[in-house]
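Some notes on the structure that comes next.
Residue numbers (the working numbering): 1244 to 1465.
In structure tokens:
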């Protein structure tokens, strides 16, 4: 258990060995991420997705299936999105049609993956996760709701800090979070396991699906 005074600031990365964190260098692109289309031969399957999966979790799966860097995946959220600043994954911040055209995921699924703008005061600004969900490569938009403190599937308390270093990551869809799927963005320790990969995919079991959808309709009707 980390004492609050020992935890790094959630809004900035801690310092290592007295040196300042350098801004990421501009990447050398090997493809035009603005025109990422099925014609490029990427792989994605809607059956890989589970109910109420967050946009970050969806993009992690897309990234892993296609070995894409985080800055490329971040640009899929909109032409004006700065991949290094990132955006809060909420309605109005993300170009859903652009994502639908790239991922071939239904708009209904993408809308359900986002925080609603009316929930601005009801969601955590820090990334919240269930270790057991992370182990199978799943993160739910419900995990971000301040009214939800326990994972509906596993009945364990949701965490915001890394067990290894105590870092609390901001819930921003950008390079930092997207380039470290299922891991702490600072020390790179896994949050609960190595997460998801296409060859290890297993559908969520029926009891967990029901628990998640039930909570959604009970707490957030309509």
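Glycine included, C-beta positions come from ideal geometry on N, C-alpha and C.
Tell me the rounded alpha-carbon separation between residue i and residue j.
i            : j            : result
residue 1451 : residue 1459 : 12 Å
residue 1320 : residue 1449 : 31 Å
residue 1269 : residue 1326 : Note that residue 1269 scores 37 on pLDDT, short of 50, meaning its location in the model is unreliable; the coordinates nonetheless yield the value given after this. The straight-line gap from Cα to Cα measures roughly 11 Å.
residue 1427 : residue 1461 : 31 Å
residue 1438 : residue 1289 : 18 Å
If we count the other Cβ atoms within 10 Å of its Cβ and call it buried at 16 or more, is residue i buried or exposed?
i            : result
residue 1446 : exposed
residue 1380 : buried
residue 1455 : buried
residue 1293 : buried
residue 1441 : exposed
residue 1349 : exposed
residue 1318 : buried
Could you say which of the options lies nearest to residue i if we only look at CA atoms?
i            : options                   : result
residue 1407 : 1443, 1435, 1316 and 1456 : 1435
residue 1335 : 1356, 1345, 1367 and 1349 : 1356
residue 1297 : 1428, 1424, 1432 and 1441 : 1424
residue 1337 : 1417, 1372, 1367 and 1400 : 1417
Which residues mark the beginning and the end of the alpha helix (DSSP H) in which residue i is found?
i            : result
residue 1313 : 1313 to 1318
residue 1377 : 1374 to 1378
residue 1352 : 1350 to 1355
Is DSSP giving residue i helix, strand or coil here?
i            : result
residue 1306 : helix
residue 1433 : strand
residue 1461 : helix
residue 1371 : coil
residue 1403 : coil
So that I know if they touch, is there some Cβ in chain C lying closer than 8 Å to that of residue i?
i            : result
residue 1456 : In the structure shown, chain C does not exist; there is a single protein chain.
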